[in-house]
Structure formats: C-alpha cells, structure tokens
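Trainee: Residue numbers (our numbering): 336 to 564. Below is one structure. I have some questions about it.
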Ligand code: CA
C-alpha cells in the first residue's frame with residue numbers, strides 16, 4: 336500500500352484530503368507544520384508528499400527544496416494563491432505538480448494516482464533491467480545468460496557463451512587465439528588454442544546463416560578473430 340504524507344496547517348483541509356485518499360486505498364499521515372513535516376518526510380518512508388506552501392515554521396519552498404535534495408519521490412505542491420504557484424514553478428524547486436486551492440478531492444486523488452503510477456514505473460524499470468548486448472540480429476542477455484538469434488533462443492555452453500559475449504562486447508577488435516584462450520579459460524585449465532578454434536566453430540553453427548561465409552565472427556588469417564559490426 337502506498338504511504339502518503341500531507342503537510343498542511345489548515346486541519347480541516349488536511350482531514351478532508353486524508354479522508355478521500357484513504358477511501359482510495361492509501362495510507363495517509365498528516366503534519367501541520369513545516370519543520371515537523373520535513374523531519375518526517377526525511378526520516379520515514381513515504382511514496383508521495385502533498386505539500387502546502389504557506390506553513391508555520393519552515394515554509395513550503397524550503398521544505399520542497401530540502402526533500403528534493405535527498406529524495407526523488409513525487410511532491411504535489413498546493414497553494415491558495417495562483418500567483419504563488421507561478422512563482423514556485425519559476426523557482427524550479429523540483430515539485431512534480433502544483434494545485435491551486437480550493438480543488439476538488441477527486442482531482443487530488445486522480446493526480447496522486449497518476450504520479451504514483453509514473454513513479455513506480457520509473458523505480459520498477461530500474462530494478463528489472465537486464466544487462467543486454469545487441470548487435471544486428473543477435474541479442475545476448477548477460478543477466479539471464481541467454482542468447483537469441485533473430486528472436487529465437489539458442490543454447491550455448493558456458494564457454495561458448497563467454498566467448499561470444501566477449502567478442503560481441505569488443506567489436507571490430509582482432510584477438511589472437513592466445514588472447515582469447517587467456518581471456519575465457521583459466522590459466523591452468525587443460526587445453527590450448529585449438530580449443531578456441533573448436534568453440535568458434537560451434538558458435539558459428541548457432542549464429543551464422545552460412546558458416547562458410549560468416550557475417551558475425553570473422554577469421555583474420557594468420558592472426559585470429561574479430562566480431563564484425
Ligand atoms: Ca497554509
């Protein structure tokens with residue numbers, strides 16, 4: 336459940352906002368002064384702040400600025416004066432939205448909902464992002480260790496995956512078989528540079544349309560290999 340903080344000195348307005356937001360399924364806390372509101376906003380976990388501009392103690396300008404220095408949660412600023420709203424917009428304090436009092440409770444709920452949705456999408460997209468390498472029809476998901484060729488998943492052994500990923504992440508760079516062997520295999524592992532040749536052949540069988548005429552991993556005769564872009 337999303338948790339909201341209302342910082343508002345007029346108790347009647349704060350209570351009305353709280354009622355409507357609670358009916359919409361939010362958990363709501365109220366603070367009536369700027370300084371106490373700021374303390375709670377910084378020390379507790381809230382998903383959104385509704386902030387009145389004219390407040391006793393520390394005013395809304397300062398509260399907004401101080402919250403923004405530490406948190407990127409949505410801040411909705413409210414004021415009785417249209418002029419003040421224009422002024423705070425001009426100051427660029429980092430508030431996400433502005434409302435002039437009086438406003439309808441349903442409008443407040445709609446705006447809160449929109450900002451929370453946008454914020455959750457923003458936060459969620461960062462948490463879920465995989466590390467992807469994409470070159471022409473090849474898509475390597477490093478996080479999931481999966482490879483897709485033109486959208487179709489192909490199975491790779493651990494070393495084939497590591498070798499393909501290494502080459503794809505360093506395109507147009509020619510590596511000798513020695514360099515590739517040292518890069519992908521442990522120093523003391525059994526095998527030699529012929530292992531590299533075998534793995535390149537297997538990778539090509541999975542990614543190339545025509546292994547006799549490779550479009551991705553190119554052989555540089557007498558030197559080694561490079562991933563073409
Ligand atoms: Ca006020």
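C-beta atoms are modelled at their ideal positions from N, C-alpha and C, and glycine is treated no differently. Quantities reported herein were computed from a predicted structural model and do not represent experimental measurements.
When you compare the CB positions of residue 386 and residue 342, do they come within less than 8 Å of one another, or not?
Mentor: To locate residue 386, count along the chain shown from 1; it is residue 51. To locate residue 342, count along the chain shown from 1; it is residue 7. Contact: yes.
Trainee: Which term fits residue 540, buried or exposed, when burial requires 16 or more other beta carbons within 10 angstroms of its beta carbon?
Mentor: Here residue 540 is taken as the residue at index 205 of the chain shown, counted from 1. Label assigned to residue 540: exposed.
Trainee: Would you kindly work out how many angstroms separate the C-alpha atoms of residue 399 and residue 430, rounded to a whole number?
Mentor: Position 64 of the chain shown, counting from 1, holds the residue named residue 399. Position 95 of the chain shown, counting from 1, holds the residue named residue 430. Their Cα atoms are separated by approximately 7 Å.
Trainee: Taking only three categories from DSSP, how would you classify residue 361?
Mentor: As a working note, residue 361 is residue 26 in the chain shown. Reduced to three states, the DSSP call for residue 361 is coil.
Trainee: Looking at the structure shown, is residue 468 part of a helix, part of a strand, or coil, going by DSSP?
Mentor: As a working mapping, residue 468 is identified with position 133 in the chain shown. Reduced to three states, the DSSP call for residue 468 is strand.
Trainee: Counting C-beta neighbours from all protein chains within 10 Å, is the total for residue 353 16 or more, i.e. buried, or is it exposed?
Mentor: Counted from its first residue, the chain shown places residue 353 at position 18. It counts as buried.
Trainee: Taking buried to mean at least 16 other C-beta atoms within 10 Å of its own C-beta, is residue 495 buried or exposed?
Mentor: Position 160 of the chain shown, counted from the first residue, corresponds to residue 495. Buried, by the Cβ-count rule.
Trainee: Could you please go through the chain and list the residues whose beta-carbon is closer than 5 Å to any non-hydrogen atom of ligand 1?
Mentor: Residues flagged by the Cβ proximity filter: 344, 387, 389.
Trainee: Would you mind reading off the limits of the beta strand (DSSP E) that contains residue 554?
Mentor: Here residue 554 is taken as the residue at index 219 of the chain shown, counted from 1. That run of the beta strand (DSSP E) goes 552-555.
Trainee: For residue 436, name the three-state secondary structure that DSSP assigns.
Mentor: On the chain shown, residue 436 is found 101 positions in, with the first residue counted as 1. Residue 436: coil per DSSP, three-state reduction.
Trainee: Is the beta carbon of residue 482 sitting closer than 8 Å to the one on residue 502?
Mentor: As a position in the chain shown, residue 482 is number 147, starting the count at 1. As a position in the chain shown, residue 502 is number 167, starting the count at 1. No, these two residues do not count as a Cβ contact at 8 Å.
Trainee: Using 8 Å as the threshold, is the stretch 372-381 in touch with the stretch 420-440, meaning 3 or more CB pairs across them?
Mentor: In short, these stretches do not touch, since the Cβ pair count stays below three.
Trainee: Which same chain residues end up closer than 7 Å to residue 534 when comparing Cβ atoms and leaving out the 5 residues on each side of it in sequence?
Mentor: Reading the chain shown from its first residue, position 199 is the one you call residue 534. Here the set comprises 494, 495, 498.
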